[in-house]
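Under UniProt numbering, the residues of the sequence shown are numbered 1 to 186, in order.
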Amino acid sequence: HVQCLQGTREKSLFAISLWFDDESALKRILCLLDSAGSGKSTFAKTLAEEWGKGRFLARFFFSRETAETSGTNSFCSIVADGFASLDPAFRRYADEFREKHRDWARLSFKKQFEGLIATPLMKLKQLVDSQPKQRADSKFKQHPILVIDALDECNKNPEGREELLRNLSSEKLSFHLRIMITGRPE
């Protein structure tokens, strides 16, 4: 996917950035739903590229074209690796789970999600909150962001899509993770 052309979608990008940064926002999941070809993926790519430069951001772009991204089997490891590439403490927390559960790839989606994403995010938040001066340079000082594109292309297992949404709306992530999801209104 390509990014939005310079000077386009600026109002939409600005409105979403206000939502991401609003500490008092009650809704932490934003769904951008529209028809095929309307530019949702371009929009998601633009957000991920621009915000990924200075924020704690991971992304997952579903696609029917590859086995790895057509279902939720690799979702947790790809998102965890995205966050881990930005912070060594997050990497350590995710690696602890992988070492403790050598067969982690065979665990249920819920256990993978909790062990690779939710728990490391909670531990990192606790670390940042307890050591604000040492972590002042951390990208985690703002809301962590997860961009999920083309949820409607998660066809391999329709139950997997429902389980993904249940886990994303879990109370375990209610602390301050912001999630943007794009897809068709199916």
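Just so you know, even glycine gets a beta-carbon here, dropped at the ideal spot from N, CA and C.
Nearest-angstrom Cβ-Cβ length linking residue i and residue j, presumed shorter than 8 Å
| i | j | result |
| --- | --- | --- |
| Leu116 | Pro144 | Rounded, the Cβ-Cβ distance is 14 Å, inconsistent with contact. |
| Thr72 | Gly160 | 4 Å |
Residue i at chain B interface by Cβ criterion, 9 Å
| i | result |
| --- | --- |
| Lys40 | Checking the listed chains, one finds no chain B in this structure; it contains a single protein chain. |
Own chain partners of residue i with C-beta closer than 7 Å, once the 5 adjacent residues on each side are dropped
| i | result |
| --- | --- |
| Arg64 | Ser70, Glu153, Asn155 |
| Glu186 | Asp152 |
| Phe75 | Phe60, Leu164 |
| His101 | Leu107, Gly115 |
| Ala25 | Trp19 |
Sequence-distant residues of the same chain with beta carbon closer than 6 Å to residue i, five excluded per side
| i | result |
| --- | --- |
| Ala58 | Val79, Gly82, Phe83, Leu146 |
| Met180 | Leu30, Val147 |
Separation of residue j from residue i, as counted between CA atoms
| i | j | result |
| --- | --- | --- |
| Gln112 | Glu163 | 12 Å |
| Pro88 | Arg98 | 15 Å |
| Glu114 | Lys123 | 12 Å |
| Gln126 | Pro120 | 10 Å |
| Arg91 | Ser85 | 7 Å |
| Glu171 | Thr66 | 31 Å |
| Leu21 | Trp51 | Just to set this straight, residue 21 is Asp in the shown sequence, not Leu. Cα to Cα, the separation comes out at about 12 Å. |
| Gln131 | Glu96 | 21 Å |
| Asp103 | Glu23 | 38 Å |
| Ala36 | Leu13 | 20 Å |
| Ile16 | Ser169 | 19 Å |
| Phe62 | Pro158 | 13 Å |
| Val128 | Lys53 | 20 Å |
| Glu68 | Ser38 | 25 Å |
| Thr42 | Phe109 | 28 Å |
Within 9 Å, strictly: CB atoms of residue i and residue j
| i | j | result |
| --- | --- | --- |
| Asp34 | Lys27 | no |
| Trp19 | Leu30 | yes |
| Lys45 | Asp149 | yes |
| Ala94 | Asn167 | no |
| Ala105 | Ser77 | yes |
Near the ligand MG: residue i beta-carbon under 8 Å from a heavy atom
| i | result |
| --- | --- |
| Lys27 | With respect to the ligand MG, the structure shown offers nothing to examine, as it has no ligands at all. |
Which ranges does the alpha helix (DSSP H) cover as unbroken runs of at least 4 residues, wholly within the UniProt domain "NACHT" (28-186), from first to last along the chain?
-> If we require 4 residues or more, the alpha helix (DSSP H) runs fully inside the UniProt domain "NACHT" (28-186) come out as 40-51, 75-84, 88-100, 109-113, 119-130, 158-168.
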